[in-house]
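Residue numbers 823 to 1288, in the numbering used here, belong to the letters of the sequence shown in order. The beta carbon of each residue, even a glycine, is placed where N, CA and C say it ideally should be. Just so we're clear, the structure is a prediction, and the values are computed from it rather than from any experiment.
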Amino acid sequence: MFRSSLLYLGIFTVFISIFSLLNILFCYYFDSLLNVKVYFFSLLISLTLSIILIYFNKQYFREKVFFFEKIILVIIGFFYLPFLIAVPYYFSIYDIGFVNSYFEAISGFTSTGFTIFDNTKKIEEPLLIWRSVSQWLGGLYFLFSLFLLTESSKIKNVYSNLESTNFLEIKKQYTKVFIIYFFLTALIFVLLSFSGIRLFEGLNLSMTIISAGGFIPSNSLNEIIRLESQTLVFSFCMLISFFNLYLIYNIFSGKRFLDNNLQDLYLLILLSIVLVFSYVFFNKEYEFISILFATISSLSNIGIGLNNDFSNLSILFLILVIIGGSTFSTSSGLKFIKLYTLTKFSLNEIYSIVKPLHVSSNTLFLSKSKIRDIEINNYFLIIIFFIFCLFVLSAILSFEDITFKNLISLSILTLTNTVNSVNYNLSDFSFIDLNIFSKYSLIIFMIIGRVELLSFLILIKKLFTK
823 MFRSSLLYLG IFTVFISIFS LLNILFCYYF DSLLNVKVYF FSLLISLTLS IILIYFNKQY
883 FREKVFFFEK IILVIIGFFY LPFLIAVPYY FSIYDIGFVN SYFEAISGFT STGFTIFDNT
943 KKIEEPLLIW RSVSQWLGGL YFLFSLFLLT ESSKIKNVYS NLESTNFLEI KKQYTKVFII
1003 YFFLTALIFV LLSFSGIRLF EGLNLSMTII SAGGFIPSNS LNEIIRLESQ TLVFSFCMLI
1063 SFFNLYLIYN IFSGKRFLDN NLQDLYLLIL LSIVLVFSYV FFNKEYEFIS ILFATISSLS
1123 NIGIGLNNDF SNLSILFLIL VIIGGSTFST SSGLKFIKLY TLTKFSLNEI YSIVKPLHVS
1183 SNTLFLSKSK IRDIEINNYF LIIIFFIFCL FVLSAILSFE DITFKNLISL SILTLTNTVN
1243 SVNYNLSDFS FIDLNIFSKY SLIIFMIIGR VELLSFLILI KKLFTK
C-alpha cells in the first residue's frame, strides 16, 4: 500500500544528498575542514537510502495514492527527513547529543527556528548554511504536502480528484512549485545583496525568509541589518513568504487574478489596519519602521525581530502569529481566512435568530463563492484542535521553570512554527536547558503545527472508524 510513498520519500532524500555534497564544497571553500567528514557521512547515508527507496519502488510511480496514505506519508516525512538532517549536528565537533541534534533538525525542517545553540558566532559557516538549508527543504516539503492534504479550493482546482492521485499526475505541478520556490529564493537573495547585506548572510537569510523560518547566521539580526533601507528591503522580502506563493506568477499571468488571490487581498487589508492602528496609538513609543518589521514578521510566522522592546505590543504580535499567512504559502498559523469565514458565519446565524425573515449574505467580501457547511465544520474543528494542543503543550511545559506568560507565548509560537524573539519578549529563552521530555514534546507539536491540523483529525477518525 505504501510503496509509492516510499518512492516519494526517496526523491526528497536525493535533495539531502545534493546539499550534503554542496556542504562538502563549502567546507573547502571556507577552509573549514574539521567537520567535512560529517557531510561525507551524511552524503553516504542519504545517497544509499535514496537509491534503495527509488530503485525498489520505481515501478509504483503510476500507482494511485489514497488520501489516508497521503496523511501517513506527510507525517512520516516530517520525522524521517530530519533524522538525516540531524546527522551533521550529531557527528560534528560541537558535541551535540542525539536529542539536541534532532531538536535542531526538526526546528529547522518545520521552519520554526528554535535553537539549542547559545552562541551562533561559534558555529562554522558550513553548519550555518546547513541550518538554513534544513529550513529551505522543510518549506519545499511543506508546499508539496499542501498539494496532498490541503482543503483549499484554490489547490483542489489543480486536480480533478484529490481522493486518489499518483505522483505522475502531479509531477508538472510539483515542478512548477519548485521553480517558483527557487526563483523567489533567488529574488530575495538578490534584493538582500543589493541592500548591502553580505553575500553569506544574504544566502542564509534568503532561505530563512522564503521558508518562513527563524534561523539567522548571527546572534542578533541587528548585527546584520544596520540601515533603515536594509530594514525596509527585509520587510518587503518577508511579504513574499507571507502572501500566496503564486502571487507574483498570477500578477504576470493575469488569469482570474482576484479569484486566485482573494485571501492575499484580505491579508493586505489586515496588514494595513494593524499598521495604522499601531502607528496611531504607539508612534510616540516606537518608530514606524520597527512596527512595520515586527508586524510583517509576525504575520508571516517568521518571528525574527530587531532589538526593540515591544512589551506593550507583544500580545498583539502573538495574535498576528496565530492568524498566520495565506493558505498556499510557507506560513503556518490558523490562517486569517478561516477566522474571517467563521466570524461571518456566526454573525449571520445570530442575525437570523434576531430577524428570522432577513436573508443574510453567505458570500465572502469581494467574492461570489458561497460559504459551504463543510468548510465551516472543518475550520471549527481546526480551531478546537489548536486550543486543545495549546492546552496540552502548556500543561507539559508547566513543569519547567517558566513563567505563565512565557509558557503560553512559547506554546503559541511552537504550534504556529514561529521563532522566539524580542517581538514576544522571549529572545533570551534557552532550549538547551529544557528536560528531554519537554524537548520531545516540542518536537511533536512543532510537527503538528506544521502539518495541516485537519489532517490529524482525519487520521484519528480513519483509525477509529476502521
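- Secondary structure of T1185 (DSSP, three-state): strand.
- Among the bridge pairs identified by DSSP, K1192 is matched with T1185.
- Cβ atoms of L1142 and V1096 come within 8 Å of each other, at about 7 Å.
- Cβ-Cβ distances below 8 Å link N1228 to N1247, L1248 and F1251 in the same chain, with the five nearest sequence neighbours on each side left out; the list follows chain order.
- One Cα belongs to N1041, the other to I1198, and the distance between them is close to 43 Å.
- The continuous stretches of alpha helix (DSSP H) do not include I1254, and DSSP gives it neither H nor E.
- Going by DSSP, A927 is part of the alpha helix (DSSP H) stretching over F920 to F931.
- If you check the CB distance, I1234 and I1144 come in under 8 Å.
- DSSP places P1039 outside any alpha helix (DSSP H), giving it a letter other than H or E.
- Distance from the CA atom of R1048 to the CA atom of L1061, rounded to whole angstroms, is 20 Å.
- Annotation: S1133 to V860 spans about 42 Å, alpha carbon to alpha carbon.
- It is roughly 38 Å from the alpha-carbon of I1010 to the alpha-carbon of F1167.
- In the three-state reduction of the DSSP assignment, E1023 falls in the helix class.
- Sixteen is the threshold: since fewer than 16 other Cβ atoms of the shown chains lie within 10 Å of the Cβ of D1195, the residue is exposed.
- With a 10 Å radius around the Cβ and a threshold of 16 neighbouring Cβ atoms, L1169 comes out exposed.
- Listed in chain order, the non-local C-beta contacts of V1244 below 8 Å within the same chain comprise G1127, L1128, N1129, N1130, D1131 and F1132, local neighbours out to five positions each way being set aside.
- Counting the other CB atoms within 10 Å of its CB gives K944 a total below 16, which places it among the exposed residues.
- Taking the C-beta atoms as reference points, L903 is found no nearer than 8 Å to L875.
- Straight across, the Cα-Cα distance linking N1239 with K1177 is about 42 Å.
- Ranked by how close their Cα comes to the Cα of I1124, the residues E1107, S1153 and F863 have S1153 in first place.
- Residue burial is scored here from C-beta neighbours: D853 has fewer than 16 other C-beta atoms within 10 angstroms and is therefore classed as exposed.
- Look at E891 here: in three-state DSSP terms it is helix.
- Boundaries cannot be given for T1152, as no alpha helix (DSSP H) includes it and DSSP labels it neither H nor E.
- Y1246 carries a helical assignment under DSSP once its states are collapsed to helix, strand and coil.
- Residue state for I1159 is assigned as helix, using DSSP reduced to three classes.
- Distance from the CA atom of G1271 to the CA atom of F900, rounded to whole angstroms, is 11 Å.
- At the C-beta level, Y1101 and F1110 come within 8 Å of one another.
- Under the three-state reduction of DSSP, K943 is assigned to helix.
- Beyond the five residues adjoining it in sequence on each side, F1016 comes within less than 8 Å, by CB distance, of V1055 in the same chain, given in chain order.
- Of the residues assessed, K1106 falls on the exposed side of the cut-off, its CB having fewer than 16 other CB atoms within 10 angstroms.
- With fewer than 16 other CB atoms across the displayed protein chains lying within 10 angstroms of its CB, A1008 is exposed.
- Per DSSP, the continuous alpha helix (DSSP H) segment holding N1228 begins and ends at F1226 to L1237.
- Between F848 and I918, the CB-CB gap reaches or exceeds 8 Å.
- Assigned with DSSP and collapsed to three states, V1214 falls in helix.
- Inter-residue distance for L1013 and Y1003 is about 15 Å (C-alpha atoms, whole angstroms).
- Nearest neighbour of L1043 by Cα position, chosen from E1023, F863, F841 and I1209, turns out to be E1023.
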